[in-house]
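Residue numbers (my numbering), protein chains in the order written: chain A, 62 to 382; chain B, 62 to 382; chain C, 62 to 382; chain D, 62 to 382; chain E, 62 to 382; chain F, 62 to 382.
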């Protein structure tokens, strides 16, 4: 009997005992003449998902379990319609005594949130222009707590715990390179743009454990781009910085133009060198991370990843040279 | 000899003496072997434009006259390449003694600016919700002085002195009708949306006597939609209104969504009933005014107006029933 | 036991007896080893829909009931997969003695069809130009009977009994306002355009009780826009009006251009002031009615309406001030 | 001295005497200190165009000559800015005694109009279905006189005398082939569609000698597609054919759908096999004729034709194998 | 009892015995309390498909049958949810002794593959230019074996056994007609373009018995257009033909441009007369075949075909005159 | 008198003597009654352009000078219509004795061509996979000589001497950074993609001194993307590398997909991680270079660059912090 084998490693016939996260749960009924309740589940750990059926679910069971609940499961791995599935034999909720944490069971960025936040804060501190630094810092403080967990998007890219912070950090690295390669770029502005461009996403989206559950009312009615622009105004007023200054103008512009086109959500198009750079740094990091993330969850024996919506609905090929 | 006949009424062979505005001026040289200076002009009054040539221009003349300068002209109306043109015989700058004002010579809204401003202020005062009213009032005060002259657009529609105020006033009329017809609409929100939707245009565009000369740096880099959104934030902070309140959320949304689509400049799409109404009220007023304005400047003997860019580059037919 | 409670008001555990309309019906079989027939139903009244299961359906039952059939039902309201559902205990077809009418059970315009038809007829009679009036009248007579029930569209807007007549009446109100606000518009033409623009819809679409079941062959192969244009020709010929007259030209143009763009179905673009007005009046009324209709069917405890296809697939927010 | 050499054959230094058509004419003035009138001309014959200057034009000359006027010219061919140009020495209007006709000087289809009209009439007579034949014949009679000269388009394709009739005849040939190749197509319908599809173009466009001068009011406000559809209705009424018959339905559909997409002007999309065939036959004939016409006017020493707007603004390569 | 009646002719109550192809097969389980295995099948012959259920499937049965396997079936035709379905009573795999072949049970072009291949080879031999002929022949030899079965597309058109060869042959017929009608076209080039344009499809797509199962890696990463272009290069090198010659240039261009637009997959747009012709010949043949194929599978009592994706998602009308 | 002052530094009233490049030249005639020849010129050096007039041009002068000819000019700088212009007093062709070279007078990359070529060759040598290296080397050798001067585009970006080599070198730098940041990328493939992606541009475009004069026939009919793909095939055949190998497949794919979308010229979309990276590296380098190049030619006193077509026709703002 395998104890807490990672889901990725399960195979037909395995008997398992271990802790899992309930990602989806639905009470269903068999279509027999006397319908019978059962639970249709998706179990998850940090390595992936597997569907499961609990045929002997009682009324109490149906009321006990819920999405994002940690459980201990005993079961049997079977092949059903060409896919692996767990037939649940016993299941109970995890207790404090089990000593496990939900964060062990969810997908997250390859670097820890604490470290990511710390790198971003160093970048903020390194901004040489006082007004840029204090405005960026003001905005960052608004979401710092949420930043630990916030994903960068619902499903497109960096859609996991710490995804947004990770996206910012990688973009900062790329920005530094580009500023070295092209000294006519203003490093303060570009770094500020990187940190501010998606800064309102943790308020635009309602997420739990790195998974976006919904968009907030503000998110739907204003959108993260305009929210961030308004935070800059708020920061300038509260910090006593002239709203008409070129610094404030530039920060607004960087945020507002970073989606490049109107149909992608930007009310103005890039018209500062740093705004042009910001858009392409953002795009490149997002697209490459989509590919890297997809490679991570594509089984070793598959030649092609699943379809990636953000890459024109194409699959990516795992070329062997 | 006709004294100050309106340009619209001039005909071949007329001898004229009168005051005109120089709308365009360029010093040119004949291509003769000994090139000679002359002035190529466009003269204007409130009824239209006419081109003019001053063949005997001296060096002093060339330095004396400039665009938007009022002049007294004696000349002869001639047909040249199927168009009327003034052959200038004498020309001098108007002086204080002439007792004329530039505003008599420019195109302007059919209702006086003072009256338009006053109607808008009444509408603001009629807003029953205190927070809506004070925010709208705060934003309006920012541009009230410019509002007298500001056009609503560079060339699309209401492109004349007082055009923006006139656009707002006609939209307020339409809003009142729609709110009576459909009581589920919130009249305060819709009226606020009407007043705020283009409120930043006088700062987005640099205009003189109702003609847009250029866009400001803020106008290009932020755009009037995001500028107005930021003014709402500024107003709320300075008036002590909760930035998270639904009132503030709604006002942001009305302004941000009024262009309807991303490719038309709106970062979010209408998601309040009043935002849907605002977009169509704005569109209907702008499009019908384009037609009405074009009818005004189309000669009586023409069946078709010039091409109207904002109406899919179509001409409008002057149907006789 | 609740007698004929409106569907909108039902709750878990209610026992009901009442009359309902069968909106959808399908005979299904359980997946048990000895499959058993049952009826899967959607019951409706004017307040909404609810799904229902009749587990004890006999072969006779399966042959007896059909879509749009009125029935008397005894049943039990239960929660199934988070939704209310009626477990049917007894069901029979309604009879003449029950004294009920299908029109009591369907969704319909907020104003009665008779009144709407009468308002449209008054508007026709008020047309001052004889040729306009007789052509409009000729076309209206073609569909007057269907106009009582005809919806304005399959699902986009005014998709209910009397929807088309209601759409026309609201547009007439808006037209009157616009003609007062902008006297350069020809009121006869605009009103004629409003009445004619969708006049062929009752023939384009096959509808029953205000619900579109299908498009007719003519509807698919010619479309309501070209059909109405051809009716104008037919009217002119039969009424002895010159086919080359400006009146006929204008009426054709109003109908043909009212969808504004080629990709929206209009073979020509608006080139009369009244055609520009007609398009925006049509658009504004349709869009605002979509919102108002959706508000009507959104449960009180929901903040957002369902997605509205005709509004860029957006939901509308029910803002509380 | 070369007498009436074709324009295509002129070269630098030629002295010419001959008859030409004035295609364009403008009275201009030299920019010398004492401006002097001259005539700026474009002369044409069936082989092409050449620009010309008449420096010694008197006031009488300026009033004498006009566009589409036949003239006898004596002149000298010179190179000016890398192009050939005629310096006019003497010019007079052609008289009856000169015994020349304007049709000798314009571009026209490679087959004579009489022959083309006769082929189309034979095709109409060959239609086996009486109702199809009489409707097509009715519509054809409306424009038969104009059909001799009418071009098929303003500039896209077949833009010359008899161009429309030639387009129809070539399409009839292609239709016959396709009907033989695919017997499931109804030959009567396809041939009727070919003859009717552009039948209203001679009324949509105002042309002279095969050159489109303008669009008619009907052309702009209704368009040739809807005009032809209305002619079918008129024909059916006047011929006593049931407006609801499938024949009438099919003819409407063929005409209305032949531009294939809404954005190309068709209010409905092809939904009959013959409508699908008609669109592609029309497209293929138009596109190939564009190429063939352009080859005809491209000088022998050029490898590439001028840009062809109807072929995505591409030039076509004159490949030598 | 009907023996091997074509599926198209089956009706309710028929008892059948005959050979069929298993097109789809899935082992399912009843939802009864003790789930029971059964087989859910789609049976096919050359006339169409029918679904079937084998309720008494044993474990052995489940392992025995697979997609594309030929079987002998005894069963009963029943109506289920308004559709015919076979209740399987007995089923076994066909054996060699049964003397049947899979090709008798699949959909295929109306002309036999051998004949089609032979016509194409004659066309190749008839190419008068040696270099054109040898290059075309080289490319054709690469896929000649696959060409017997290869469909022309996954589902759009000619999606059956021999479909590609049939498409080429019909296009050759059309090419011959067009070259006769327009002698300025180079017949060698056009015929070569027809044969080469889709020549790499048998390698781009993985198909079995005329049904596309997947795209190959080359197909996804290079695409049939660029693959064919590269085969031309390969042919030229191996045949010693100058890569810079106009022949090679023209063949590349014909292949590369035949989809006409970038968004349809062509990196260059047609710029040779023959390339323009090729595109429209390809489009016309594909579109008309879609219609003809759909007519073939639409039941006689249906007025409209199913939706055809390649014709703007429209259905085609089966008009009765 | 200023000797060979850079054009950028000229001011009104300067008398100059120096060497310049004739960039444009046209013989014109004055419009005086006795027309007189003169030369209308654009003079250039590495710092910019200035227009010039030579009023005393003789027939011999007109035949002597031509575009791209180096001349010695004596003249006077004057303001004409608000722009500086040179009134030429004396002009002669430069001779060998003058010891000047055309390359001193043209715009070129900031790094010398020799150095750029050498860097690219080092990058090729550093490719660890033998097949990748030899194929890349084979293709590079085809254009190595042209690579010294070839621009990367006609006007979009890097449109100067050595522009293409400079583009490749900057992209190599960026590639190296990205490969370090994301080790899952194959460095050989990405570097190969960078070197090959525009490798056929020197053959697609006909350029002189870094300025594109025209596109070649191959360039128009095949395009640089498909040309490069065919060179890979040629290389593989001549180097004996398997055409079906994954290496060859990957190199084809990188080249073919680098424009990302069909409408931008790529017949396939990126489906390898390195292809995704290549597209964004290419885009970022091109866009940032456009900005940097425009900054270089924008006068110091201008706040905004000229419009940049490749950046959505926007100007870029020269922000002063």
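In this text, a Cβ means the ideal position worked out from N, Cα and C, and glycines have one as well. This one's a predicted model, so the numbers in the text were calculated from it and none came from an experiment.
DSSP bridge partner residues for residue i (one or two, in chain order)
i	result
residue 151 of chain F	F:135
residue 144 of chain C	C:141
residue 98 of chain E	E:90
residue 369 of chain F	F:375
CB contact flag (residue i, residue j, <9 Å)
i	j	result
residue 70 of chain C	residue 358 of chain C	no
residue 178 of chain B	residue 226 of chain B	yes
residue 235 of chain C	residue 242 of chain B	yes
residue 118 of chain D	residue 99 of chain D	yes
residue 207 of chain C	residue 172 of chain C	no
residue 148 of chain D	residue 113 of chain D	yes
residue 145 of chain B	residue 72 of chain B	yes
residue 61 of chain D	residue 191 of chain D	Past the boundaries of the shown model lies residue 61 of chain D; chain D is included only from 62 to 382, so the question cannot be answered.
residue 336 of chain C	residue 200 of chain C	no
Outcome for residue i when other beta-carbon atoms lying within 10 angstroms are tallied against a minimum of 16
i	result
residue 231 of chain D	buried
residue 153 of chain D	exposed
residue 369 of chain C	buried
residue 156 of chain B	exposed
residue 84 of chain B	buried
residue 197 of chain C	buried
Residue range of the beta strand (DSSP E) that includes residue i
i	result
residue 79 of chain B	76–90
residue 109 of chain E	109–115
residue 185 of chain E	No beta strand (DSSP E) contains residue 185 of chain E, which is instead part of the alpha helix (DSSP H) from 174–186.
residue 276 of chain A	272–276
residue 268 of chain B	266–269
Assigned secondary structure, residue i (DSSP; H/G/I helix, E/B strand, else coil)
i	result
residue 227 of chain D	helix
residue 376 of chain F	coil
residue 105 of chain F	strand
residue 329 of chain A	coil
residue 130 of chain E	coil
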